[in-house]
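S.K.:
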Amino acid sequence: TATVHVDDADLDEAGRLLPVLELKAGRILFNGWPTGVEVGHAMVHGGPHPATSDSRTTSVGSLAIERFLRPVAYQDVPSSLLPAAIADGNPEQLWRRIDGRLTQA
Numbered sequence: 001t002a003t004v005h006v007d008d009a010d011l012d013e014a015g016r017l018l019p020v021l022e023l024k025a026g027r028i029l030f031n032g033w034p035t036g037v038e039v040g041h042a043m044v045h046g047g048p049h050p051a052t053s054d055s056r057t058t059s060v061g062s063l064a065i066e067r068f069l070r071p072v073a074y075q076d077v078p079s080s081l082l083p084a085a086i087a088d089g090n091p092e093q094l095w096r097r098i099d100g101r102l103t104q105a
């Protein structure tokens with residue numbers, strides 16, 4: 001949601017902003033407050049149709065990021081070419097599961 005607060009003196013400028021907001025937001029709200037949707041672990045929109053258009057993910061809450069994630073398998077890729085998050089030696093010290101064991105090594 002993009003929220004724009006304007007008065008009559010701002011309408012020309014808001015009109016120039018509108019095409020940019022159309023590319024970035026699914027809802028544009030003028031002079032109002034959006035409904036309260038907390039980005040929290042308990043907040044989800046999901047379930048079978050028609051409750052959601054894609055029951056694999058949610059569009060709200062902390063799990064919403066999963067809509068933009070996808071697995072990529074790196075098979076036999078030289079270590080020097082791997083992303084830092086999965087490189088040998090774990091240079092970013094991220095928690096990872098290797099051979100079924102959770103480790104930061």
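The sequence shown begins at 1 in the numbering used here and counts up by one. Cβ coordinates follow ideal geometry from the N, Cα and C atoms, glycine included. Small disclaimer: the values here were computed from a predicted structure and weren't measured.
Just list the residues that DSSP pairs T103 with in beta bridges.
M.R.: Paired residue(s): R96.
S.K.: How about L63 and V44: do their beta carbons lie closer than 8 Å?
M.R.: It is a contact, given that the beta carbons lie within the stated cut-off.
S.K.: Would you tell me roughly how many angstroms separate the C-alpha atoms of L69 and P91, rounded to the nearest one?
M.R.: Straight-line Cα distance between these residues: approximately 22 Å.
S.K.: May I have the straight-line CA-CA distance separating A2 from R16, to the nearest angstrom?
M.R.: Rounded to whole angstroms, A2 to R16 spans 14 Å at the Cα level.
S.K.: Got a sec, what are the start and stop residues for the alpha helix (DSSP H) A14 sits in?
M.R.: That run of the alpha helix (DSSP H) goes 11–24.
S.K.: Label T103 either buried or exposed according to how many other C-beta atoms from any shown protein chain fall within 10 Å of its C-beta, with 16 as the threshold for buried.
M.R.: With fewer than 16 Cβ atoms within 10 Å of its Cβ, T103 is classed as exposed.
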